[in-house]
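In this note's numbering, the protein residues as written are 83 to 193.
Positions of the beta carbon are idealized from the N, C-alpha and C atoms, including for glycine.
As the structure is a computational prediction, the values presented were derived from the model and not from experiment.
What follows is a short report on a single structure.
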C-alpha cells in the first residue's frame with residue numbers, strides 16, 4: 083500500500099493528464115490519445131469497460147483490479163480532455179452518499 087491517499091493519487095494523475103494536453107503527440111501515450119481526439123478516447127473507454135466485464139466474468143480478482151484501473155485511467159483522460167476533473171466526480175459521489183438509490187434516481191428528474 084502507498085502512503086499517498088487515494089484522493090491525492092487522483093489529483094496528481096489529473097495534473098499529469100492536464101500537462102500532457104500541450105505535449106507533442108509522440109511524447110507520451112496520453113498526448114497521443116489527445117491528438118487522436120474524442121472518438122479515440124471513447125473507443126479506449128469502451129475497450130477497457132469490455133475488458134473489465136470479461137475479467138469479472140472470469141472471476142480473477144487481480145485481472146479485475148488491473149482492468150478497472152485501466153478503465154478509471156481512461157475515464158480520467160476523458161474528463162481532462164473535456165476540461166473536467168476527478169474532484170467533480172468525487173463531489174457528485176459525495177452528494178449521492180447517504181441517498182438511497184431510489185432517492186438519487188428520483189432527484190435526476192428535478193435537474
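Other residues of its chain near residue 83: CB distance less than 8 Å, five sequence neighbours each side excluded: In this predicted model, residue 83 has a pLDDT of only 48, less than 50, meaning its place in the structure is not dependable enough to derive any value.
Taking its Cβ as the centre, do 16 or more other Cβ atoms sit within 10 Å of residue 149, making it buried, or is it exposed? buried
Between the alpha carbons of residue 124 and residue 137, how many angstroms are there, rounded? 20 Å
Quick one: Cα of residue 171 to Cα of residue 88, how far? 14 Å
Considering just the uninterrupted stretch of the alpha helix (DSSP H) at residue 99, what are its terminal residues? 88-102
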